[in-house]
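Have a look at the structure below before the remarks.
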Amino acid sequence: MRARDHLDTPMAGRTHGQQALPITFGFKVAVWLAEMRRHRQRLNECKPRVLIGEFGGAVGTLASVSAQGMDINARLCGELGLNVPEIAWHTARDHFAEFAGIIAMIVATCGKIAHEIIDLQKTEFAEVEEPFEMGKVGSSTMPQKRNPMLCEAILTLARYTRHHATTSIDAMLHEHERDWSSFQMEWAYIPELCVMAHGALTMTLRVVSGLHVYPDMMMRNLEASHGLLLAERVMLTLGKHIGRQHAHDAIYESAMAAFEQREPFASLLKQNPAVTEHLSAQQIDDLLDPVQYVGLSAAYVDRVLNGD
Numbered sequence: 640m641r642a643r644d645h646l647d648t649p650m651a652g653r654t655h656g657q658q659a660l661p662i663t664f665g666f667k668v669a670v671w672l673a674e675m676r677r678h679r680q681r682l683n684e685c686k687p688r689v690l691i692g693e694f695g696g697a698v699g700t701l702a703s704v705s706a707q708g709m710d711i712n713a714r715l716c717g718e719l720g721l722n723v724p725e726i727a728w729h730t731a732r733d734h735f736a737e738f739a740g741i742i743a744m745i746v747a748t749c750g751k752i753a754h755e756i757i758d759l760q761k762t763e764f765a766e767v768e769e770p771f772e773m774g775k776v777g778s779s780t781m782p783q784k785r786n787p788m789l790c791e792a793i794l795t796l797a798r799y800t801r802h803h804a805t806t807s808i809d810a811m812l813h814e815h816e817r818d819w820s821s822f823q824m825e826w827a828y829i830p831e832l833c834v835m836a837h838g839a840l841t842m843t844l845r846v847v848s849g850l851h852v853y854p855d856m857m858m859r860n861l862e863a864s865h866g867l868l869l870a871e872r873v874m875l876t877l878g879k880h881i882g883r884q885h886a887h888d889a890i891y892e893s894a895m896a897a898f899e900q901r902e903p904f905a906s907l908l909k910q911n912p913a914v915t916e917h918l919s920a921q922q923i924d925d926l927l928d929p930v931q932y933v934g935l936s937a938a939y940v941d942r943v944l945n946g947d
């Protein structure tokens, strides 16, 4: 389990595409796992509504069999292992739309995972890499290429399946008691959606189970900003002495100077009187240790893993 293996592997957490605060890679994977688990719950919860039979006659009233209609309906559904509908659903296709929506969400999560891996596999990050074996060729003209081709395929499926979810909503627009112009859409989008979901899940399992993780590169990237992503920690500590807003102003000044001048954040903090009046040089260095500021990452990983 990747979340357990990297429970304490520190890396940069990013917001708006920029380094924000330290997290652990296990925390990131646990977020994926929790989302997939909710999808599994959704699938189980929708079964009574989706796995449902239909025997309603021409317009759903069972007029042709009269009093025996409900008994026949129940026995037929029982033989097929389906739930008995409370009323005919010839023109009520919400259960198919619900199923399509859940499947599209599952594939979207696969796509999100794949997109994240593509980003983290970029040369500038190099923190993870989808499974690679010698002989896998990324380009006919650039021999060095190790492209995230599985993840790209997953992302393609995620972008395509969302349109099938939209189609399922369109297919709910029926007229009167039966309308072939709408429900024939289900003959196309449901099997296609299931096939694509199977492909996305199969490839995602392959990617995640064989993912190469590079903790040394994660640490290198953590240190790339020379301490800037620990600005919050310094601000909160200083805030205990001068108040949060004053601390924010003081740390902001040093942080912006560090960014503009490309100097270590610690050096600028140690030159800021508003900081050094209350924090020693050693305290500043200790506060800028990213490994010590991953919050409850490990606790959340344990919660997710123990909740399965």
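Residue numbers (our numbering): 640 to 947. Quick reminder that beta carbons are idealized off the backbone N, C-alpha and C, glycines included.
First and last residue of the uninterrupted beta strand (DSSP E) at isoleucine 662: 657-663 is the extent of the beta strand (DSSP E) around isoleucine 662.
Would you mind sorting glutamine 680 into buried or exposed? The rule is 16 or more other CB atoms within 10 Å of its CB. Counting Cβ neighbours within 10 Å, glutamine 680 comes out exposed, since fewer than 16 surround it.
Count the other C-beta atoms from every protein chain shown that fall within 10 angstroms of the C-beta of isoleucine 711, then say buried if there are 16 or more, exposed otherwise. Under this definition isoleucine 711 is an exposed residue.
What number of angstroms, rounded off, separates the C-alpha of histidine 813 from the C-alpha of serine 821? Roughly 6 Å separates the two Cα atoms.
In or out: histidine 802 buried (at least 16 other Cβ within 10 Å) or exposed? Its Cβ having fewer than 16 others within 10 Å, histidine 802 is exposed.
Chain-order list of residues whose beta-carbon lies under 7 Å from that of aspartate 818 (same chain, five-residue window excluded): So the qualifying residues of the chain are Thr730.
Mapping the DSSP letters down to three states, classify glutamate 737 as helix, strand or coil. In the structure shown, glutamate 737 falls within a helical segment according to DSSP collapsed to helix, strand and coil.
Which term fits tryptophan 826, buried or exposed, when burial requires 16 or more other beta carbons within 10 angstroms of its beta carbon? Counting the other CB atoms within 10 Å of its CB gives tryptophan 826 a total below 16, which places it among the exposed residues.
Examine the Cβ distances between the region 780-797 and the region 868-881 and report whether three or more of them are shorter than 8 Å. No, they do not touch.
Indicate the three-state DSSP secondary structure (helix, strand or coil) for glutamate 674 in the structure shown. Glutamate 674 carries a helical assignment under DSSP once its states are collapsed to helix, strand and coil.
Beta-carbon contacts of leucine 759 that lie in its chain and below 7 Å, excluding the five residues immediately before and after: Closer than 7 Å at Cβ, skipping near neighbours: Glu766, Val767.
Would you call the region 929-937 in contact with the region 653-663, where contact means no fewer than 3 C-beta pairs closer than 8 Å? Output reads yes: the region 653-663 touches the region 929-937.
Going by the DSSP bridge assignment, what does alanine 896 pair with across the sheet? According to DSSP, alanine 896 bridges with nothing at all.
If you count every other CB in all the chains shown that lies within 10 Å of the CB of serine 705, and 16 or more means buried, which is it? When all chains shown are included, serine 705 counts as exposed.
Going by beta-carbon coordinates alone, are alanine 797 and alanine 739 separated by less than 8 Å? At least 8 Å separates the beta-carbon of alanine 797 from that of alanine 739.
Would you list, in sequence order, the uninterrupted beta strand (DSSP E) runs of no fewer than 3 residues that lie entirely inside the region 670-735? You should have found no qualifying run.
Go through its chain and collect everything with a Cβ distance to arginine 653's Cβ below 7 Å, but skip five positions before and after it. A distance below 7 Å between beta-carbons, with the five flanking residues on each side excluded, links arginine 653 to the following residues of its chain, in chain order: Ala659.
Which term fits tyrosine 939, buried or exposed, when burial requires 16 or more other beta carbons within 10 angstroms of its beta carbon? With 16 or more neighbouring CB atoms inside 10 Å of its own CB, tyrosine 939 falls in the buried class.
Less than 8 Å between the beta carbons of isoleucine 742 and cysteine 833, yes or no? Contact: yes.
Buried versus exposed, by CB contacts within 10 Å (16 or more), valine 943: It is buried - the Cβ of valine 943 has at least 16 other Cβ atoms within 10 Å.
Per DSSP, what kind of secondary structure is valine 914 in: helix, strand or coil? DSSP places valine 914 in helix when its eight states are reduced to three.
Would histidine 645 and phenylalanine 771 be called neighbours here (beta carbons separated by less than 8 Å)? No; because the gap between Cβ atoms is not below 8 Å, this pair is not in contact.
For threonine 795, report the span of its alpha helix (DSSP H) as first-last. Annotation: the continuous alpha helix (DSSP H) that includes threonine 795 extends over 788-809.
Tell me, please, which residues DSSP counts as bridged to proline 649. Beta-bridge pairing links proline 649 to Thr663.
One question on the structure: do serine 807 and alanine 897 come within less than 8 Å of each other, judged by their Cβ atoms? In this structure, alanine 897 does not lie closer than 8 Å to serine 807 by Cβ.
Helix or strand or just coil, what does DSSP make of histidine 851? In this structure, histidine 851 counts as strand in the three-state DSSP scheme.
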